[in-house]
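Below: one structure, written as structure tokens.
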């Protein structure tokens, strides 16, 4: 499974729509196989989604995201886990150990009732 996290200064980027850096991690059996850091060079949202989809990304873990960008990602078969914040490495470890739902990873103002998982469940 390939997981992508938009980054900013070692943290999950607060707004996916304007993020320029993406960490892509390949995970198998809960273990990291490989990782790469990419520059997202597409400002136009449809091309941005195509660029991400072409990487084979299965899941995006992000902070805030506009509903239309989220819909485009989901329609391309990418699961979106939004409203997440914190240190990228800690978020990644929490995802691998299925502890990403802990309160400390939720963006301020985000409540548990809010829909945060969109797309096919792959983990």
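In our numbering, the protein residues as written are 1 to 123. We treat Cβ as the ideally placed atom computed from N, Cα and C, and that holds for glycine. Since the structure is predicted, the reported quantities are computational estimates derived from the model, not experimental observations.
key: residue 17 vs residue 2 beta-carbon contact at 8 Å   = For this step, residue 17 is matched to residue 17 along the chain shown. For this step, residue 2 is matched to residue 2 along the chain shown. The Cβ atoms of residue 17 and residue 2 lie no closer than 8 Å to each other.
ask   = Contact check, residue 61 vs residue 12 under 8 Å by CB: the rounded distance?
value = Here residue 61 is taken as the residue at index 61 of the chain shown, counted from 1. Here residue 12 is taken as the residue at index 12 of the chain shown, counted from 1. Going by Cβ atoms, the distance from residue 61 to residue 12 rounds to 7 Å, so yes, they are a contact pair.
query = Thinking C-alpha only, which one of 78, 96 and 100 is nearest residue 33?
reply = Counted from its first residue, the chain shown places residue 33 at position 33. Closest by alpha carbon: 96.
query = Got a sec? Which residues, its chain only, sit under 8 Å from residue 104 by beta carbon, not counting five neighbours each side?
reply = Your numbering for residue 104 matches position 104 in the chain shown. Within the same chain, Cβ atoms closer than 8 Å to the Cβ of residue 104 are found at 86, the five residues on either side in sequence being excluded.
query = What residues are listed by DSSP as bridge partners for residue 8?
reply = Taking the first residue of the chain shown as 1, we reach residue 8 at position 8. The partner list for residue 8 (beta bridge, DSSP) reads 11.
query = Ends of the beta strand (DSSP E) at residue 42?
reply = Translated into positions along the chain shown, residue 42 becomes position 42. Here residue 42 belongs to no beta strand (DSSP E), and DSSP marks it neither H nor E.
inquiry  = Less than 8 Å between C-beta atoms, sequence neighbours within five positions excluded: which residues of the same chain meet that for residue 19?
reply    = Translated into positions along the chain shown, residue 19 becomes position 19. 6, 7, 8, 13, 40 and 62, listed in sequence order.
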